[in-house]
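Data first, discussion second: the structure below is written as C-alpha cells.
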Amino acid sequence: MITGKFPSLRLRRNRKNDWSRRLVEENNLTSNDFILPIFLIEGKNKKQAIQTMPDVYRYTLDKIFYVIDGALKKGLPMVALFPYTEKNKKNALGTESLNEDNLICKAIQLIKKKYKNEIGIMCDVALDPYTSHGHDGLLKSKYVLNDETIEVLINQSLLQAQMGCDVLAPSDMMDGRIGKIRKSLDKNGFAMTQILSYAVKYASGFYGPFRDAVGSKGLLKSDKKNYQMDFRNKSEALREVSMDIKEGADMVMVKPGLPYLDIISLIKENFKIPVMAYQVSGEYSLISNGVKKGFVSKDIILESLIAFKRAGANAIISYYADRIDKIIK
Ligand code: PBG
Numbered sequence: 000m001i002t003g004k005f006p007s008l009r010l011r012r013n014r015k016n017d018w019s020r021r022l023v024e025e026n027n028l029t030s031n032d033f034i035l036p037i038f039l040i041e042g043k044n045k046k047q048a049i050q051t052m053p054d055v056y057r058y059t060l061d062k063i064f065y066v067i068d069g070a071l072k073k074g075l076p077m078v079a080l081f082p083y084t085e086k087n088k089k090n091a092l093g094t095e096s097l098n099e100d101n102l103i104c105k106a107i108q109l110i111k112k113k114y115k116n117e118i119g120i121m122c123d124v125a126l127d128p129y130t131s132h133g134h135d136g137l138l139k140s141k142y143v144l145n146d147e148t149i150e151v152l153i154n155q156s157l158l159q160a161q162m163g164c165d166v167l168a169p170s171d172m173m174d175g176r177i178g179k180i181r182k183s184l185d186k187n188g189f190a191m192t193q194i195l196s197y198a199v200k201y202a203s204g205f206y207g208p209f210r211d212a213v214g215s216k217g218l219l220k221s222d223k224k225n226y227q228m229d230f231r232n233k234s235e236a237l238r239e240v241s242m243d244i245k246e247g248a249d250m251v252m253v254k255p256g257l258p259y260l261d262i263i264s265l266i267k268e269n270f271k272i273p274v275m276a277y278q279v280s281g282e283y284s285l286i287s288n289g290v291k292k293g294f295v296s297k298d299i300i301l302e303s304l305i306a307f308k309r310a311g312a313n314a315i316i317s318y319y320a321d322r323i324d325k326i327i328k
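Anchor point for the sequence shown: position 227 equals 226 in numbering that gives the first Met the number 0, and the numbering is continuous, going up by one each time.
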C-alpha cells in the first residue's frame, strides 16, 4: 500500500505550506457535526454557573429562546435537554419523569411551539435526574432492576414523544429497552420518532461534573457498574451495538468520547449506522480548566474535537458546541 522511499519520497513536501496542508486535509468539522447539551432549572430569569464546568450554565425556561436562538445562529442541527431536578421532586421510583408538567416536558413544548422543525430536540431516557438514589432505574438491594425499569422508560419515552421530542436517547443501559421502546412508539403513532441509543456507555469517572450539573452527585452512593459497561471491554461494545440495531436504533452513541476513540472506530468499521460521540463533562472540565490555568493552549479544543471525526464519529455532543464557530475558524 505504501510505495516509494526516501529521498525521492518526502512526506514533508505536502506539509510545507498552509495552502497545501489545506488541500490534503482528510478530516474537518462544521457546525452540522455538533449537538449542544442544555441544562434546565426551575424558576425565573436565572443563568446559573456550574462550578465544575467553566462557561456552562443552567437556564430557567424563560431563557430558553435565548439559548436556542444562539444554537440556531451557529447552525447547530440539534440540542439535548437535561433537567436539574429539585430534591423534593425526587423519589426512589423517579416518578417525576412521568409528570407531564416536568421541566423537560415544558421545555420541549416551548421549543417546538416556537421553532417547529428548525432544530432537533433530543432527550435522555433514564431515571437518574429523578431518583433519590441517583441511579438510572429502579433499585432493589443495590441492583438496578432491568425489566421493571424498562416499563417506566417506555412511559417516559412516550411522554417525551407526545410533547414533541424528535430524538429519544435511552442512556440507561438496560438490556432490551430499545426494542420495547420502539414497539410502544410505533403502536402509539410515533413511528417517525427517532431513537439514538446510548449503546456503548461505560461506567466512567468522567461523568462527575454532569452529576453535579443535574443535582444527583451527593445522592449516588454506589457506582453504576452493574448496568454500564466495564471499561476493560471492547468486543462487548460490538454486541451492545448489534443488539440495539436489531431492536430498531436509528443511531448509536459511544460515551465517554476521547478515551474511547478505539471503540468509535471499531463500530464504524463493523456497522453502517450513524455513530455519535459524547465528549462528556469530565473531558470538558479537564480541557477547559487546563486552558484557563494556562497549562495547555486552547488549540487542544479543536485538536480533541477533530480526533472524534478522524475516529469516524458522525457528530459530537459537546459542551463547546455553543462556541463552535470560534473554535473551527
Ligand atoms: C444519565 C446521563 C449521564 C450523562 C448523560 N446522561 C450520567 C450518568 O450516566 O451517570 C453524562 C454526561 C456527561 O458527563 O457529560 N444517564
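Every residue gets a Cβ at the ideal spot worked out from N, C-alpha and C, and that includes glycine. These figures come from a predicted structure and were not determined experimentally.
Buried versus exposed call for residue i [16 or more other C-beta atoms within 10 Å across all chains shown]
i: Ser-221; result: exposed
i: Phe-360; result: Absent from the structure is residue 360, since the part of the chain shown begins at 0 and ends at 328.
i: Leu-8; result: exposed
i: Ile-299; result: exposed
i: Thr-84; result: buried
i: Asn-101; result: buried
i: Glu-24; result: exposed
i: Asp-329; result: Since the displayed the chain opens at 0 and closes at 328, residue 329 lies outside it and no answer follows.
i: Ile-34; result: buried
i: Tyr-283; result: buried
i: Phe-189; result: buried
i: Phe-307; result: buried
i: Leu-158; result: buried
i: Asp-185; result: exposed
Those residues which DSSP pairs with residue i across a bridge
i: Lys-89; result: Looking at the DSSP assignment, Lys-89 forms no beta bridge with any residue, so it has no partner.
i: Met-173; result: None, per the DSSP bridge assignment.
i: Ile-119; result: Going by the sequence as given, residue 119 is Gly instead of Ile. According to DSSP, which records beta bridges pairwise, Gly-119 is partnered with Met-77.
i: Thr-2; result: None, per the DSSP bridge assignment.
i: Leu-109; result: Answer is none; Leu-109 lacks a bridge partner.
CA-to-CA distance, residue j to residue i, given in whole angstroms
i: Ser-131; j: Pro-82; result: 14 Å
i: His-134; j: Lys-223; result: 7 Å
i: Lys-328; j: Val-279; result: 23 Å
i: Leu-138; j: Gly-281; result: 26 Å
i: Pro-53; j: Lys-179; result: 38 Å
i: Asn-232; j: Ile-262; result: 10 Å
i: Tyr-56; j: Ile-49; result: 6 Å
i: Asn-26; j: Gly-163; result: 34 Å
i: Glu-239; j: Lys-15; result: 44 Å
i: Ile-153; j: Trp-18; result: 52 Å
i: Asp-171; j: Asn-13; result: 47 Å
i: Asn-31; j: Gly-119; result: 12 Å
i: Ala-160; j: Ile-323; result: 29 Å
i: Ile-272; j: Met-250; result: 6 Å
i: Lys-113; j: Ile-63; result: 11 Å
i: Met-121; j: Arg-21; result: 34 Å
i: Arg-181; j: Glu-246; result: 8 Å
Review point. How do the stretch 279-289 and the stretch 261-268 stand: do at least 3 beta-carbon pairs fall below 8 Å, yes or no?
Key: Because the criterion of three Cβ pairs below 8 Å is not met, the stretch 279-289 and the stretch 261-268 do not touch.
Practice item. May I have a chain-ordered list of the beta strand (DSSP E) segments no shorter than 3 residues that lie completely inside the stretch 212-278? Key: Segments of the beta strand (DSSP E) lying fully in the stretch 212-278: 250-254, 274-277.
Review point. Counting pairs of beta carbons, one from the stretch 243-254 and one from the stretch 194-205, are three or more of them closer than 8 Å?
Key: Touching, yes.
**Study point:** 4-residue-minimum alpha helix (DSSP H) runs that sit fully inside the stretch 5-53, ordered along the chain
**Key:** Annotation: the stretch 5-53 contains the following complete segments of the alpha helix (DSSP H) (minimum length 4 residues), in chain order: 17-22.
Exercise for review: Could you tell me which uninterrupted beta strand (DSSP E) segments, each at least 3 residues in length, are contained entirely in the stretch 126-179, listed from first to last along the chain?
Suggested key: As far as the stretch 126-179 is concerned, its whole beta strand (DSSP E) runs of at least 3 residues are 166-169.
Check your understanding: Is there contact here, the stretch 89-104 with the stretch 64-72, by at least three beta-carbon pairs under 8 Å?
Key -> No, they do not touch.
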